[in-house]
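To start, the structure itself, in structure tokens.
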Amino acid sequence: RLVGARPVDSARLRPLADPALLARLAPEARPHVREVDLSGLDLRNAGRLPDYARDTADLFAVFLDGKRLPLSRWPNGEYGYTTMKRVVSSGSFRARTTDGGTFEYREDRPARWQTALAENGVWLRGFWRVPWVAETLRVKSIDPKAKTMTFAVSTANGIGSKYSRLEGNTRVGDGKEGWFALNLLEEIDQPGEWSVDFSRSKLYIWLPAGAPGSRLFLADNAEPLVSLSGAKHVSFRDLVFTHQMGEGVSITDGDSVRLLGCRVENILRRGVLIRGGFNHVVQSCDLTEIGLAAIDLLGGDRSTLAPSKHQIVNNHIWRAALLAPVPALVAGLDVKTQQLVGARIAHNRIHDVTYSGVHFAGNDNVLENNELYRLGLDGGDLGGFYTTGGWTARGNIVRKNFIHHSENANAIYMDDGHSGLLAEDNLIYRVESGLFVGGGHDHVLRRNLIIQTHRAIHVDDRGVARKYVADDKRLRSDLDSVPYQESPWREKYPALARILDQRTDIPRDNLISENIAVGCETLARRSGNEDTLGGFRFKNNTEHPSTDIFTDAASLDFTLRAPAAAPALAGLPVLDLSRYGLQLDEYRRVVPPRDLALLRAGDTKRKAFDSQQDVNAY
Numbered sequence: 009r010l011v012g013a014r015p016v017d018s019a020r021l022r023p024l025a026d027p028a029l030l031a032r033l034a035p036e037a038r039p040h041v042r043e044v045d046l047s048g049l050d051l052r053n054a055g056r057l058p059d060y061a062r063d064t065a066d067l068f069a070v071f072l073d074g075k076r077l078p079l080s081r082w083p084n085g086e087y088g089y090t091t092m093k094r095v096v097s098s099g100s101f102r103a104r105t106t107d108g109g110t111f112e113y114r115e116d117r118p119a120r121w122q123t124a125l126a127e128n129g130v131w132l133r134g135f136w137r138v139p140w141v142a143e144t145l146r147v148k149s150i151d152p153k154a155k156t157m158t159f160a161v162s163t164a165n166g167i168g169s170k171y172s173r174l175e176g177n178t179r180v181g182d183g184k185e186g187w188f189a190l191n192l193l194e195e196i197d198q199p200g201e202w203s204v205d206f207s208r209s210k211l212y213i214w215l216p217a218g219a220p221g222s223r224l225f226l227a228d229n230a231e232p233l234v235s236l237s238g239a240k241h242v243s244f245r246d247l248v249f250t251h252q253m254g255e256g257v258s259i260t261d262g263d264s265v266r267l268l269g270c271r272v273e274n275i276l277r278r279g280v281l282i283r284g285g286f287n288h289v290v291q292s293c294d295l296t297e298i299g300l301a302a303i304d305l306l307g308g309d310r311s312t313l314a315p316s317k318h319q320i321v322n323n324h325i326w327r328a329a330l331l332a333p334v335p336a337l338v339a340g341l342d343v344k345t346q347q348l349v350g351a352r353i354a355h356n357r358i359h360d361v362t363y364s365g366v367h368f369a370g371n372d373n374v375l376e377n378n379e380l381y382r383l384g385l386d387g388g389d390l391g392g393f394y395t396t397g398g399w400t401a402r403g404n405i406v407r408k409n410f411i412h413h414s415e416n417a418n419a420i421y422m423d424d425g426h427s428g429l430l431a432e433d434n435l436i437y438r439v440e441s442g443l444f445v446g447g448g449h450d451h452v453l454r455r456n457l458i459i460q461t462h463r464a465i466h467v468d469d470r471g472v473a474r475k476y477v478a479d480d481k482r483l484r485s486d487l488d489s490v491p492y493q494e495s496p497w498r499e500k501y502p503a504l505a506r507i508l509d510q511r512t513d514i515p516r517d518n519l520i521s522e523n524i525a526v527g528c529e530t531l532a533r534r535s536g537n538e539d540t541l542g543g544f545r546f547k548n549n550t551e552h553p554s555t556d557i558f559t560d561a562a563s564l565d566f567t568l569r570a571p572a573a574a575p576a577l578a579g580l581p582v583l584d585l586s587r588y589g590l591q592l593d594e595y596r597r598v599v600p601p602r603d604l605a606l607l608r609a610g611d612t613k614r615k616a617f618d619s620q621q622d623v624n625a626y
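Shown next as structure tokens:
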């Protein structure tokens, strides 16, 4: 067991006695809040929060009895939000200028924060413009009379929903932009909450009843708990990596480093970080209570298409991406290089995460036999398997996966002109959209069974409006980053070698065949002009109007009541749920059951986001 945090001496926990500070607390909290003098502890990450941040992983973490305690938050709750009433000024549309924007708030609560604003600072975190980007901003001023707050710095593209109307240089907002306040002494109003007073170097905390201070831990080390560079043939087996501010395990280059049957938990940043190398393995590990991505990997050589042969198999990932809407498993997401080739991601169970299950890019990666559910608990415009790798991310395969109970997700999402994906033999149940194709070329989407979604398949021609032409900066940079007209690229991806021979903004050569929709509102939504949607060829797709053909779909029993009534489904291997997700092996001795009661209850934390909305607003 490797622990990255250090215990707090119980003698440092003292009752809060300052009358001025006690007056800022709710009456019910005053007898319970303790203070810890942080001076003398040599903390390196207890300084004032930045004016702008994409997450809150730059502040130390507090743990008690094996659990990370939450920063004080208003409104309360892990997914507690209020909303802006209206936007007074969007601020600058360039990030991090001093024109931060102003909005009108709804409740009277912020009037209580004036002392905090003057002495320590007030920070708000919210989805200020779009539902897939959450940002933390420092407040410059609060006007209780006008009920407005003004930010110290601007966010990229200003505040106010992207989908609201523009009045002058301000988007007025739609009144649904969610936000919350954090790290306020005034908002410590339930056991477990804490805040930091940066000016006084004090930690204030409401300890749960009966919790001795000797079990309180602070995690302040932003470096990885374990770091290997250039290591070869090293195995970690049955170890626990826990209570860490930085990454849990970091592997750079090297060959055949293996994590087997390990548990990675209570990590503020990424659980396992793999940067380069070959033949690395993460197998039969449990990864939970992770602030950012549970696993983030790169490897292989894109220029030569030499495979990494990384294996991410049979892992249980849940409660990841708790501090930011980022994917739970990141495969090849390097903005400049997409440097992941020839990895296998298989038999993983990923659930109860704030954003996408798997975000992948690169080449020749196989994602198979995974089970994903309860995705997108705190974000929007996301996928079970999401990719926006551009024209060059060829050779990737998404097959034989089970994506379900994620009403806020598109099961397999090819965004913004992504091209060349093979998605076949997947089982999809109760999501927003089954297959979502945002333009792009050369996809093959076949033999997928899609049950009880709003729409089984979505295709669009967004490249026309968004000008996905040969000189598009993003797409051309991606194209020029690889030798796509040289060997072995030319032989392996001949369609890519010819991509500039025709218009690139119009989708072409996409085959969508033999998919089956059951109980879906729509089999296929074609968004755009028929003149530019001809590059989507639909062939032999079928639909059944009701899930009554199954014995008990709500309990994940997809056996057929009367096979003769649905001959296309009879005997389909896709209906065998034992093939998906976790398996018993040498390192995983128990497979936890699915919580059917929780699945039936559904998710009502956030309203589902139809990604078509973003296409319309561009």
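So in my numbering, spot 259 of the sequence shown is number 267, and the numbers just go up one at a time. We put the beta carbon where it would ideally sit given N, CA and C, even for glycine. None of the values given here were measured: they were computed from a predicted structure.
Helix, strand or coil, according to DSSP, for residue i in the structure here?
i	result
residue 48	coil
residue 622	helix
residue 202	strand
residue 88	coil
residue 497	helix
residue 23	strand
residue 235	strand
residue 133	strand
residue 357	strand
residue 179	strand
residue 223	helix
residue 582	helix
residue 557	helix
residue 539	helix
residue 119	helix
residue 195	helix
residue 587	helix
residue 35	coil
On the criterion of 16 or more Cβ atoms from any shown chain inside 10 Å, does residue i qualify as buried, or is it exposed?
i	result
residue 102	exposed
residue 210	buried
residue 241	exposed
residue 496	exposed
residue 7	Nothing about residue 7 can be read from this structure; the chain reaches only from 9 to 626.
residue 592	exposed
residue 113	buried
residue 537	exposed
residue 333	buried
residue 174	exposed
Let's see if you can read the secondary structure: which residues bound the alpha helix (DSSP H) around residue i?
i	result
residue 630	The requested residue 630 does not occur in the structure, where the chain is confined to residues 9 to 626.
residue 522	Careful: residue 522 lies outside any alpha helix (DSSP H) and carries neither H nor E.
residue 27	27-32
residue 608	604-609
residue 123	122-127
residue 485	481-488
residue 473	470-474
Give me the Cβ distance between residue i and residue j, rounded to the nearest whole Å; I'm assuming they're in contact under 8 Å.
i	j	result
residue 540	residue 520	About 16 Å; that fails the 8 Å criterion.
residue 298	residue 328	4 Å
residue 187	residue 238	The pair is not a contact, with the Cβ atoms about 44 Å apart (cut-off 8 Å).
residue 60	residue 145	6 Å
residue 279	residue 303	6 Å
residue 442	residue 483	Rounded, the Cβ-Cβ distance is 26 Å, inconsistent with contact.
When the Cα of residue i is compared with those of the options, which residue comes out closest?
i	options	result
residue 617	607, 439, 553	439
residue 413	275, 368, 478, 605	605
residue 149	486, 110, 175	110
residue 368	139, 393, 518	393
residue 78	204, 576, 175, 468	204
residue 350	358, 325, 306	306
residue 17	382, 253, 41, 48	48
residue 529	466, 271, 9, 374	466
residue 140	176, 55, 191, 390	390
residue 289	619, 273, 269, 151	269
At which residues does the beta strand (DSSP E) containing residue i begin and terminate?
i	result
residue 545	544-547
residue 321	319-321
residue 210	210-214
residue 281	280-283
residue 148	143-151
residue 241	240-245
residue 418	410-422
residue 157	156-159
Contact criterion: CB-CB distance below 7 Å. Does residue i meet it with respect to chain B?
i	result
residue 180	Included in the structure is just one protein chain, with no chain B present.
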